[in-house]
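Read through the structure below, which is laid out as structure tokens, and then see the notes.
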Amino acid sequence: MQVTKSKLIPNQPGHTIEIGVATWDDQETSIRNCYLTRPGEFSPRNSNEISLGDVKEIVTVIADEDLLDPRDIADLIAVLSTSLSRRV
Numbered sequence: 585m586q587v588t589k590s591k592l593i594p595n596q597p598g599h600t601i602e603i604g605v606a607t608w609d610d611q612e613t614s615i616r617n618c619y620l621t622r623p624g625e626f627s628p629r630n631s632n633e634i635s636l637g638d639v640k641e642i643v644t645v646i647a648d649e650d651l652l653d654p655r656d657i658a659d660l661i662a663v664l665s666t667s668l669s670r671r672v
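Quick note: to get this note's numbering, add 584 to the position in the sequence shown (first position is 1).
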């Protein structure tokens, strides 16, 4: 993955979310959950790269199975609403 943007996760040292060019197609964007193990390395077990197209499917399954705490659901609704308002 060619990283184009990285966002640190608050209160979780060494944990970032990375956005970039997908390894399987340079015309697609992917996202990766990154836990640094040593400088310049990341944990392959916890640093999975997924396509943006799969994000909706994953969130849908999580919602269908009631896997998130209601407070987390409210947080997601708020951030998604903010994203939507920036685009309309």
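Ideal Cβ positions, reconstructed from N, Cα and C, are used throughout, including at glycine. Owing to the predicted nature of the structure, the values given are computational and were not obtained by experimental measurement.
Original post:
Does the Cβ-Cβ distance between I646 and L652 come in under 8 angstroms?
Top reply: What you label residue 646 is simply residue 62 of the sequence shown in a count that begins at 1. What you label residue 652 is simply residue 68 of the sequence shown in a count that begins at 1. Contact: yes.
**OP:** Give the straight-line distance between the Cα atoms of R655 and R671, rounded to the nearest whole angstrom.
**Re:** Translated into positions along the sequence shown, residue 655 becomes position 71. Translated into positions along the sequence shown, residue 671 becomes position 87. Roughly 25 angstroms between the two C-alpha positions.
Original post:
So the alpha helix (DSSP H) I657 belongs to, where does it begin and stop?
Top reply: As a position in the sequence shown, residue 657 is number 73, starting the count at 1. I657 -> alpha helix (DSSP H) spans 654–671.
Original post:
Out of curiosity, what's the CA-to-CA distance linking K640 and S667?
Top reply: Locating residue 640 in the sequence shown gives position 56, where the first residue counts as 1. Locating residue 667 in the sequence shown gives position 83, where the first residue counts as 1. Rounded to the nearest angstrom, the two C-alpha atoms are 15 angstroms apart.
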